[in-house]
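The structure appears below as structure tokens.
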Amino acid sequence: MADVPFPATLSVRGARVFVGSRRRTKGLFTGLVRQLVLLPGSDATLRLCPSRNAQLAELSIPRVLQGKLGDNEVLKYPYEADMKVTLGSRPPCTKAQDATFWFDAARKELHLCASSQWVSVLAELTLLRIGPDPHKELAATHPGVTHGPAGLDTSLSKQKEGIGGEHRASVALASGHLALAFPVHWTTAKAKLDYVEEHQRLPTNSETLGLEVFGIPGVGLFVAAANRKAKSAVYKWTDGKFVSYQNIPTHQAQSWRHFTIGREARHSLYSRGRGLLQPGQMHAFHPVGVPAPLRPQPLQEGAASLQDQQRQAFSMSRFRDNQRPGPRPGVSSWPSAPERKIFLAVANFGPNEKGQEVSVIYKWSHRKLKFTPYQRIATHSARDWEAFEVDGEHFLAVANHREGDNHNIDSVIYKWNPSTRLFEANQTIATSGAYDWEFFTVGPYSFLVVANTFNGTSTKVHSHLYVWLVGSFRLFQSFLTLGAADWEVFRIGDRLFLAVANSHSYDVGMQLRNDSYTINSVIYELNVTAQAFVKFQDIPTCSALDWEFFSVGEDHFLVVANSFDGESFSVNSIIYRWQGYEGFVAVHSLPTFGCRDWETFDTSAGSYLIYSSAKEPLSRVLRLRTT
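Using UniProt numbering, count along the sequence shown one by one with no gaps and you end on 627.
Here's what the structure looks like:
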């Protein structure tokens, strides 16, 4: 390496500063910056206020960093000093401690005092700006940054890099003319799932068939429980527990779906991810170089296979990164402005007091801080709602399970009409005992897959995958399933997967046996060459009703809701870990009773799973303990 002196002047306009680790040759820096001394040069001094012709401008640097080292001096304020990082038990976090750090040695967690609250962080310094108005520069590069007085600004932006992507937040520290922007990785890169422990037993109004976790900016984190009896409930996360917040009349509710419609607005700060509640955005993914439009062909009798015909009809250059814009927990797009409408739709399985089968969409009232009825839609034994967006337009798909004894009926896709501000029927799709819809995108293409459960004579039926073409969904691929109750779509790296939960094998006239429930559920993977999903892995399950994908650090997991083994509803649900070439391998066995639905969520205190029971009025919140 040549002995080249450091230049006397160095332009940093538009530059990024990367901090490396002394112990590793690669990877992200995860420690503390001991000292940062900034000397004004020609580029900076001309931009400092208020002087337009400053001879020597003094930057506003925190007092702890003002000590400049001589040749033989040591740090005047070592990085362990209390005024920089506090060790030991939790110290107070008041205005006086704003922008200071506290390291919890017991849990190995670093916390930042922000607005009188300790926020868990793992930060990487990636951007340095010096100028007269750091807020404007930060706003230009980090649109989520909020404006405010010098001192501490915190803001939020979520990047949903496909399903299972990283959750990030931007935290801006502004002091005078110095501004530092820290993208914060709330999913700790090195975190490892150690074990799972019970955190809360949540009594519910009755047996619970579905859960929906969501956040409302400026209000809090919520979970909606779909209860079998006359009332369902919404619970709010308060002091580390879910507490009852609102009861809503329902009729054999099966599931809830949270979604939003309206203009984008500035994001707000709340404890949702690892330290902050992270709003996502519902939008379609638009890759570079969108291929030619698709030309679907009708399925012909006697064809070699459905995949062969679809391979001809579905011609694309290649599949790009996947992104699931459907409003799942923590993925919904939600702003703090009142014009951003927040909705909660319930799928009612039974009739109301008038004998009508109606499912209801509720709207959040910013004045009452409650959900109020907004629109009633006629449904038939509805099992599920799926909300999604295609080309800037909002849709709701309902899974109609049956009408009387007829399971072969139409499910309906509704489209939001901005003029009437109502959902209107847009397309019907023939289904057989529909149980679940799942929406996802691959590059510029939008897909919708249905879980068909029963056709009137057998649970061995085809569930169908549809692709959006010229204003409607067209059949793309079919999967032979056994009482399919749920689809879960997720991405690991550049690989896209679809997991189906098969509930049971049954034909009219046959006697149900124990092995009718202990059957394989299947994980499919997108094969880019074949332009179709192909079987990747069979996983033995016990009347599986739900899959939930989540990540801890760099590890990926699937948890299955096993509900019945043919003899008992007391059956273990399993957490599987992704192990590359081995596929998914069982790592944790969780005792559950009539498990119906799993959801995952994050708070500043850690990561959690919650499951509902279809056989007892009790749901459980489990905490993921990491090392």
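By construction, the Cβ of each residue, glycine as well, lies at the ideal position given by its N, Cα and C atoms.
Item: DSSP three-state assignment for K95, whether helix, strand or coil; Value: helix
Item: The segment 432-440 in contact with the segment 383-397 per 3-pair CB rule at 8 Å; Value: yes
Item: Nearest candidate by alpha-carbon position, reference V346, set V398, T100, A499, V360; Value: V360
Item: Straight-line Cα distance separating A499 from F533; Value: 11 Å
Item: From S115, N562, R596, F550, residue whose alpha carbon lies closest to that of R577; Value: F550
Item: Stretch-stretch touch, CB-based, cutoff 8 Å, three pairs: the segment 363-374 with the segment 405-418; Value: no
Item: Residue nearest to E212 in terms of C-alpha spacing, selected from Y235, R228, V219; Value: Y235
Item: Coil, strand or helix - E567 by DSSP; Value: coil
Item: Backbone secondary structure at E393 - three-state DSSP; Value: strand
Item: Endpoints, beta strand (DSSP E) assigned at S589; Value: 584-593
Item: Cβ neighbour criterion (16 or more within 10 Å) applied to N562; Value: buried
Item: CA-to-CA distance, Q531 to Q309, given in whole angstroms; Value: Caution applies to Q309, whose pLDDT of 39 falls short of 50 and renders its modelled position unreliable; the value that the coordinates give is listed next. Those two C-alpha atoms are separated by around 11 Å.
Item: Residues bridged to T481 (per DSSP); Value: V461
Item: Neighbour-count burial assignment, L622, 16 or more Cβ in a 10 Å radius; Value: buried
Item: For R623, the three-state DSSP class (helix, strand or coil); Value: strand
Item: CB contact check: D239 to chain B, cutoff 7 Å; Value: Checking the listed chains, one finds no chain B in this structure; it contains a single protein chain.
Item: Closest residue to L448 among L482, E488, F454, H504 (Cα-Cα distance); Value: E488
Item: Extent of the continuous beta strand (DSSP E) run through V360; Value: 358-365
Item: CB contact flag (residue 660, T208, <7 Å); Value: Since the first residue of the chain shown is 1 and the last is 627, residue 660 is not available in this structure.
Item: Distance between E525 and F536 (C-alpha atoms, nearest Å); Value: 6 Å
Item: Proximal residues to S613 (C-beta, below 6 Å), its chain only, five neighbours per side dropped; Value: F593, G594
Item: Range of the contiguous beta strand (DSSP E) that encloses T441; Value: 434-442
Item: N- and C-terminal bounds of the beta strand (DSSP E) containing R513; Value: No beta strand (DSSP E) contains R513, which DSSP labels as neither H nor E.
Item: Start and end residues, beta strand (DSSP E) containing K241; Value: 241-249
Item: Local Cβ density within 10 Å of T481, reported as buried at 16 or more and exposed below that; Value: buried
Item: Cα-Cα separation, T626 to L590; Value: 17 Å
Item: Three-pair Cβ contact test at 8 Å for the segment 467-476 versus the segment 500-511; Value: no
Item: Buried versus exposed call for G456 [16 or more other C-beta atoms within 10 Å across all chains shown]; Value: exposed
Item: Same chain only: Cβ atoms within 8 Å of E197, ignoring 5 sequence neighbours per side; Value: L622, R623, R625
Item: Nearest neighbour of A233, chosen from F222, K241, P444 [CA to CA]; Value: F222
Item: Element boundaries [beta strand (DSSP E), containing A253]; Value: 253-261
Item: Helix, strand or coil at G580 according to DSSP, with G and I counted as helix; Value: helix
Item: Close beta carbons around V552, own chain, < 8 Å, minus the five adjacent residues each side; Value: T187, A191, K192, L193, S607, L624, T626
Item: C-alpha gap between L344 and R228, whole angstroms; Value: 17 Å
Item: Status (buried if at least 16 other CB within 10 Å, exposed otherwise) for T453; Value: buried
Item: CA-to-CA distance, S604 to N408, given in whole angstroms; Value: 46 Å
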